[in-house]
Amino acid sequence: MSEKSVFLLGPGYIGGQILEFLLERNYHVTTLTRRESTAAEFHAQGIKTVIGSLDDRSVIQKQVSVSDIVFHTATADHLPSAEAVLDGLEERAKNNLQTIYINTSGTSILSDNSAGAFKSDMVFEDDKPEGIDALPDSAPHRTIDLPIVRRREILGEHAKIAIMMPPLIYGVGPAGRSSIQLPTLVRYSLKHRYAGQIGEGRSVWSQIHVKDLARGYLTLLDWLERTPAEEVLPNPYWFCENGNELSWNDCTAEIGRVLYEAGKIESSTPRTIPVSNYGDLFGKWSEPVVGSNSRSRANRLRKLGWEPKEKKTLASLAEDEIPLIMQETGPFEGYGKVVAS
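In UniProt numbering, the protein residues as written are 1 to 341.
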């Protein structure tokens, strides 16, 4: 059994899968939860809990201060919780304790303003951090990533910090959870009775199944545990993609095919979503979230021996996500919350 203590913020879609793998390895895990009823469910699995939300900075900082390893997978856009983690790391550093911290960002940071009009030639590689560092401070998630990058210099060898940047995530996770980007397009298409896409859907994103992503986090953790801090410090960035890039039109065409065959829409042919309907997607963020280009290469994980094992996106959509979404009841009015990618 590992003697290392882990604090995981965000035991949901990504974090829940990581949690399963951590338990298989017998790590001592504590997670943040908002409700006592949920805490009881975790306790039954041998998982400790602290009660609080992402806004409870003192709760988070206190738990980080007694944890060897920290994962933040709740969101890529909540600065107070990220700062609370960093403050906890600093507290440990003052006590001469070293901590591993893996924060979740996302490759929306790479997105452009193509709005489905074209496929970009720009491909980012995680073993070339200068390309990521050159991104504008206004890029998505950068408000969170930059304070983490800067605090690394202060913490020095007392903290091994990594930023995982997933691309489009798909697949059904623990407890039947699904991702955000493609399921939102499916729900939109069901509501409006056509397969909807931004513009002509030509822009492309890299892809990853949630289980392959969780294995990527564990591969990264293994590397951080065995690697001297001075070797971790130069480059905090990690991509995780399966080598299968798809355009939004590729995805929307498959959504159209499946929904048409199920009798849910009148035609399988994708149609452009009018701006007036973006409220049923991601509001003002609709074009970057489901219409931009975001191309990444996970060179660093592959060099460590990680490789994707799960089914590809379109098969997962047709066989797993869409059948579950078609069973949902109740109104759908878009996704207004912050997202992890």
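By construction, the Cβ of each residue, glycine as well, lies at the ideal position given by its N, Cα and C atoms.
By the Cβ neighbour-count rule, residue 43 is exposed, with fewer than 16 other Cβ atoms within 10 Å of its own. Between the segment 247-256 and the segment 188-208, the count of C-beta pairs closer than 8 Å reaches three or more; the two stretches touch.
Sorting 101, 98, 135 by C-alpha distance to the C-alpha of residue 107 places 135 at the top. When DSSP reads this structure, residue 296 sits in a beta bridge with 124. Around the beta carbon of residue 228, fewer than 16 other beta carbons sit within 10 angstroms, so the residue counts as exposed. Taking 8 Å as the upper bound for CB-CB distance, residue 70 and residue 48 are not in contact here, some 14 Å apart.
In this structure, residue 174 lies near residue 16, with their beta-carbon atoms less than 8 Å apart. Taking a contact as a CB-CB distance under 8 Å, the pair residue 290 and residue 282 counts as one, their CB atoms being some 7 Å apart.
Excluding sequence positions up to five before and after residue 310, its CB lies within less than 7 Å of the CB of 171, 209, 211, 212, all in the same chain and listed in chain order.
Inter-segment contact for the segment 3-14 and the segment 55-68 is present: three or more beta-carbon pairs are separated by less than 8 Å. Rounded to whole angstroms, residue 306 and residue 218 show a C-alpha spacing of 10 Å.
A residue is called buried once 16 or more other Cβ atoms fall within 10 Å of its Cβ, and residue 109 is buried on that count. DSSP places residue 35 outside both helix and strand once states are collapsed to three, so it counts as coil. Taken atom to atom, the span from the alpha-carbon of residue 245 to that of residue 165 is near 16 Å.
Taking the Cα positions, residue 297 is about 35 Å away from residue 193.
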